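Beneath this line is the structure, given in structure tokens, with notes to follow.
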Amino acid sequence: MKQYEASTTIGEQTLTLQFGKLAKLATTSVFAKLGETCVLVTVTEGGQRTDIDYFPLQVIYAEKLYAGGIIKGSRWVKREGRPSDEAILNGRLIDRSIRPLFPKNYRKEVQIVITLLSVDNVNPPEILASIATSAALHVSPIPWNGPISTLQVGYIPTETGENSFIINPTEQQEEFSELNLVASTSKEKVVMIETQAQELSNNLVAKALMYAKEQNRPIIDFIESIRAEIGAQKEVVNDPLHDEKLLQSLKKDFSKELDAIVAEKASKEGGSSELTSNLITEAKEKYGTEFETKAIAKAVEYLVKQLIRDKTLDTKVRVDGRDLDTIRELSAEVGVLPRTHGTGIFNRGTTQVLSIATLGAPKLEQLIETPEGQEVKSYIHHYYFPPYSVGETGRIGSVSRREIGHGALAEKALVPVLPDDDEFPYTIRVVSEVLTSNGSTSMASTCGSTLALMDAGVPIKAPVAGIAMGIMTRSDDDYVILTDIMGIEDFSGEMDFKVTGTRKGITAIQLDVKNNGLTDKMIAEILEKAQTARFTILDVMEKVIASPRESVSKYAPNIEVFKIEEDKIGTVIGPGGKTIRSIIAKTNTDITVNDDGEVTVSGLTQENVDQAVEIIKSMTRDVEVGEEFEGEVKRIMEFGAFVEILPGKEGLVHVSKMSNDFVKDPHDVVEIGQKVKVKVYEIDKMGRINLTMNGNTSPSRGGGGNRDRGGRGGRFQDRRGGRRDNRHGGDHRDNRRRERFE
1 MKQYEASTTI
11 GEQTLTLQFG
21 KLAKLATTSV
31 FAKLGETCVL
41 VTVTEGGQRT
51 DIDYFPLQVI
61 YAEKLYAGGI
71 IKGSRWVKRE
81 GRPSDEAILN
91 GRLIDRSIRP
101 LFPKNYRKEV
111 QIVITLLSVD
121 NVNPPEILAS
131 IATSAALHVS
141 PIPWNGPIST
151 LQVGYIPTET
161 GENSFIINPT
171 EQQEEFSELN
181 LVASTSKEKV
191 VMIETQAQEL
201 SNNLVAKALM
211 YAKEQNRPII
221 DFIESIRAEI
231 GAQKEVVNDP
241 LHDEKLLQSL
251 KKDFSKELDA
261 IVAEKASKEG
271 GSSELTSNLI
281 TEAKEKYGTE
291 FETKAIAKAV
301 EYLVKQLIRD
311 KTLDTKVRVD
321 GRDLDTIREL
331 SAEVGVLPRT
341 HGTGIFNRGT
351 TQVLSIATLG
361 APKLEQLIET
371 PEGQEVKSYI
381 HHYYFPPYSV
391 GETGRIGSVS
401 RREIGHGALA
411 EKALVPVLPD
421 DDEFPYTIRV
431 VSEVLTSNGS
441 TSMASTCGST
451 LALMDAGVPI
461 KAPVAGIAMG
471 IMTRSDDDYV
481 ILTDIMGIED
491 FSGEMDFKVT
501 GTRKGITAIQ
511 LDVKNNGLTD
521 KMIAEILEKA
531 QTARFTILDV
541 MEKVIASPRE
551 SVSKYAPNIE
561 VFKIEEDKIG
571 TVIGPGGKTI
581 RSIIAKTNTD
591 ITVNDDGEVT
601 VSGLTQENVD
611 QAVEIIKSMT
621 RDVEVGEEFE
631 GEVKRIMEFG
641 AFVEILPGKE
651 GLVHVSKMSN
661 DFVKDPHDVV
671 EIGQKVKVKV
681 YEIDKMGRIN
691 LTMNGNTSPS
701 RGGGGNRDRG
711 GRGGRFQDRR
721 GGRRDNRHGG
731 DHRDNRRRER
741 FE
């Protein structure tokens with residue numbers, strides 16, 4: 001394609017798209033720049049696939065650490081490895097935004113590769129990538145019913161309520177924002193939503209979506225103006241989706257069999273169907289060579305979908321007998337497993353999820369290396385979807401992109417209600433095991449996570465529940481909204497609209513569509529129905545456990561966090577970490593010290609934790625002249641004895657202070673390990689402590705601070721410049737719960 005460049009503004013930032021400058025052999029390439037964030041988007045069209053019955057679209061979001069001026073931290077591997085969870089989520093976000101707008105019968109391979117080249121920590125690269133992808137597809141010859149635009153909307157409340165919404169908020173603004181909403185829209189409809197919110201109302205979220213659509217329109221106009229200049233002729237897809245003659249024959253000859261398949265699919269998700277196989281075999285025998293087996297199977301699938309849609313739209317009764325708003329049977333349990341820290345089982349119909357919460361020390365938080373810098377997470381949710389959950393056999397191994405996406409949604413749903421670090425300084429990991437699946441396992445995982453966290457004694461602000469909503473349409477005015485969709489309704493419908501929240505408001509939303517998008521009226525109705533369903537689910541959950549347990553499990557670690565003066569850190573660490581290692585060994589605890597003096601002690605028993613805390617507080621407190629101690633003799637020198645008066649803190653009893661009588665050799669008075677009563681009579685300018693055993697509080701001539709101490713002085717010097725094997729540093733803890741939105 002010929003080179004072309006165009007620019008516009010988004011808020012206060014300049015968006016520049018350069019076509020055909022880089023990657024010239026791709027079908028379309030766009031170098032996009034927003035502020036100093038840059039991405040390269042390539043769209044490549046492959047050959048026609050006749051062996052498949054789906055659209056082979058692949059969206060790859062490739063993060064490069066060099067984009068942020070970073071070299072991989074590993075000592076042995078410097079090349080970027082497998083995609084990070086964030087990269088996978090960004091790729092899925094763009095895929096979900098563009099996939100619904102391709103022709104349903106398009107079968108050519110399309111691969112979209114997005115390479116992050118530069119990031120400025122101001123302009124979100126995933127937003128830029130989505131806009132650039134829309135522009136690349138729109139000017140290409142690939143058939144696509146775009147364009148769309150994507151924006152991120154934040155919400156910072158003001159007293160007047162005016163100008164509360166922010167487009168593409170910066171990281172600093174995100175810290176104060178109560179909303180992180182990413183929406184892909186056409187000029188009139190919403191195609192994709194990814195949202196996290198601080199328990200916001202339906203009305204406010206709906207307004208944010210309308211605001212996003214309004215702000216997207218100028219960008220869509222900009223993309224359309226580019227197509228008018230350099231757009232290629234679009235390919236025409238003439239292949240019919242189905243053979244109309246075959247469809248009519250199947251409906252006429254196998255009506256009862258099709259109804260039986262619909263009834264079977266209402267009871268289970270996935271898995272092989274003997275009824276379907278038998279119908280295909282019988283149809284092949286009846287029609288002979290007139291229709292291929294593959295075409296018959298495809299037609300049967302289509303007819304089953306249409307039967308479900310027609311029944312639901314015409315009768316307002318669903319295939320399992322429910323009306324449009326009824327939720328399947330609900331039940332919940334907690335405290336199921338004896339040695340885990342918290343467990344919850346959530347059942348909705350045949351969908352069943354077991355969630356397990358595990359509490360750990362703060363140092364177990366997850367470190368994440370990204371082009372934007374290192375981030376930390378202290379709340380982690382992992383979702384597993386084994387093949388047996390749908391009655392199938394299959395591969396069990398590496399986590400799929402779908403599992404990462406579903407896990408991230410359930411994680412996002414709970415973050416707004418988690419306690420602050422100061423209140424609950426634990427690292428929390430929740431694992432959701434999908435045991436049986438028939439629709440919306442991510443929402444069941446959200447409910448299961450809430451149950452497990454409350455069972456574990458995590459003081460969440462409020463219980464969170466989630467529901468999946470569906471839609472079937474004949475037009476923008478003729479449609480039905482389905483509450484709590486089953487797997488077959490997700491398969492046959494046009495939308496998967498997942499909403500999580502508390503009784504106060506929404507915490508997360510995820511929307512995928514299979515049509516050309518939702519109207520404002522549809523969205524308002526969906527949010528209202530989802531709220532009603534959410535309250536029903538919360539009623540069931542709260543009957544099982546109404547609030548978090550008052551204490552954590554006896555098998556969970558006990559944690560104490562406190563501060564010491566920064567100039568005392570070296571005292572706690574000791575030379576080469578010797579002191580802190582000895583405390584850890586003595587108390588059977590785990591101890592970390594941050595650069596700001598924050599100390600975290602964790603252990604399996606409160607007694608051990610209290611012992612370690614007392615040792616550290618004692619050794620870091622200031623000793624005053626006149627204080628009396630009973631200490632242990634640690635070392636004996638020619639000029640006196642060193643007595644440990646506090647853990648890790650020693651003072652010198654000079655030979656002249658051991659007795660009122662003359663003492664020639666300290667060994668004549670004390671021995672190592674002996675307990676002696678001493679009194680502090682002087683602290684010299686170097687902070688060294690001088691003790692007396694004879695009650696004389698004034699130093700004798702020639703004694704005290706100026707006496708040779710045989711090299712002892714180095715023991716009390718700050719050794720923070722040395723290697724700290726037992727330190728976990730730094731400033732990451734302050735922002736341990738801050739999430740980047742995928």
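Take the sequence shown: its letters are residues 1 to 742, numbered as in this note's numbering.
Glycine included, every Cβ here is placed at the ideal spot set by N, Cα and C.
Note that the coordinates shown come from a computational prediction; the quantities given were computed from them, not determined experimentally.
message: Using DSSP's beta-bridge definition, name the partner residues of Glu550.
response: Bridge partners of Glu550: none, in fact.
query: If Ala260 and Leu275 are in contact, beta carbons under 8 angstroms, what's the gap, nearest whole angstrom?
result: 5 angstroms
Helix, strand or coil at Asn216 [DSSP, three-state]: helix
- prompt: Assuming Ile94 contacts Val59 under a Cβ cut-off of 8 angstroms, what Cβ separation, rounded to an integer in Å, is found between them?
  reply: 5 angstroms
- request: Please state whether DSSP places Gly349 in a helix, a strand or coil.
  value: coil
- prompt: Shortest alpha-carbon distance to Ser389 belongs to which of Arg621, Gly405 and Thr350?
  reply: Thr350
- request: Let me know if Phe662 comes out buried or exposed under the rule of 16 or more other beta-carbons within 10 Å of its beta-carbon.
  value: exposed
- prompt: Taking the alpha carbon of Lys108 as the point to measure from, which residue in Asp85, Gly68 and Val43 has its own alpha carbon closest?
  reply: Val43
message: Only counting the same chain, and skipping five residues up and downstream in sequence, which positions put a Cβ closer than 8 angstroms to that of Asp243?
response: Phe291, Ala295 and Ala299
Euclidean distance between Cα positions of Glu199 and Lys521: 22 angstroms
Simplified DSSP assignment, three categories, for Met686: coil
task: Please work out which residues of its chain come closer than 6 angstroms, Cβ to Cβ, to Lys568, disregarding the five sequence neighbours upstream and downstream, and give them in chain order.
output: Thr620
query: Leaving out the 5 sequence neighbours to the left and right, which residues in its chain are closer than 6 angstroms to Leu821 when beta-carbon positions are compared?
result: Outside the shown range of the chain, which is 1 to 742, sits residue 821, and nothing can be said about it.
- request: State the Cα-Cα distance for the pair Pro616 and Val599, rounded to the nearest angstrom.
  value: Inspection of the sequence shows that residue 616 is occupied by Ile rather than by Pro. Roughly 9 angstroms between the two C-alpha positions.
query: If you measure from the beta carbon of Pro557 to each beta carbon in chain B, is any gap under 9 angstroms?
result: This model lacks chain B altogether, as it is built from one protein chain only.
Own chain, CB closer than 7 angstroms to Glu746, minus 5 neighbours either side, in chain order: One cannot answer for residue 746 here, as it falls past the ends of the chain, which runs 1 to 742.
- prompt: Looking at the structure shown, is Met472 part of a helix, part of a strand, or coil, going by DSSP?
  reply: strand
query: Buried or exposed: where does Asp718 fall if 16 or more other Cβ atoms within 10 Å of its Cβ makes it buried?
result: Its pLDDT being 37, under 50, Asp718 is placed unreliably by the model, and the measurement read from it follows with that caveat. Exposed, by the Cβ-count rule.
- request: Would you mind working out which of Ile280, Val334, Thr605 and Asn238 sits nearest Ser249, comparing C-alpha positions?
  value: Ile280
message: Between which residues of its own chain and Leu17 is the CB-CB distance below 6 angstroms, once the five residues before and five after are set aside?
response: Ala6, Val30, Ala32 and Ala135
task: For Met686, count neighbouring Cβ atoms within 10 angstroms of its own Cβ and tell me buried if that reaches 16, exposed if not.
output: exposed
query: Per DSSP, Tyr61 forms a beta bridge with which residues?
result: Ile114
query: Which residues in the same chain as Arg450 place their Cβ atom closer than 6 angstroms to its Cβ, once the five residues preceding and following it in sequence are excluded?
result: According to the sequence shown, residue 450 is Thr rather than Arg. Only Pro463 and Val464 meet the Cβ criterion.
message: Tell me the DSSP secondary structure of Arg82 in three-state form.
response: coil
Inter-stretch contact at 8 angstroms, needing at least 3 Cβ pairs: the stretch 394–407 / the stretch 360–375: no
task: Measure the Cβ-Cβ separation of Glu638 and Asp665 and say whether it is below 9 angstroms.
output: yes
- request: Check Ser29 in the structure and name its three-state DSSP category.
  value: strand
message: I need the boundaries of the beta strand (DSSP E) containing Asp314, first residue and last residue.
response: No beta strand (DSSP E) holds Asp314; the alpha helix (DSSP H) holding it covers Thr293 to Thr315.
query: In chain order, which alpha helix (DSSP H) runs of at least 4 residues are fully inside the stretch 359–423?
result: 401–414
- request: Using DSSP bridges, identify the partner residues of Lys461.
  value: Looking at the DSSP assignment, Lys461 forms no beta bridge with any residue, so it has no partner.
message: Contact defined as beta carbons within less than 8 angstroms: I believe Val304 pairs with Val334. What is the distance between those atoms, to the nearest angstrom?
response: No, Val304 and Val334 are not in contact; Cβ-Cβ is about 38 angstroms, not under 8 angstroms.
- prompt: Does the stretch 474–490 come within contact of the stretch 320–332, defined as at least 3 CB pairs closer than 8 angstroms?
  reply: yes
query: Tell me which same chain residues have a C-beta within less than 7 angstroms of the C-beta of Ala67, skipping the five on either side of it?
result: Leu116, Leu117, Ser118, Val119 and Pro371
- prompt: Taking the alpha carbon of Glu188 as the point to measure from, which residue in Thr536, Asn594 and Glu214 has its own alpha carbon closest?
  reply: Glu214
query: Who are the Cβ neighbours of Val182 in its own chain at under 6 angstroms, not counting the five residues just before and after it?
result: Gln152 and Glu194
Where the alpha helix (DSSP H) containing Met443 begins and where it ends: Thr441 to Asp455
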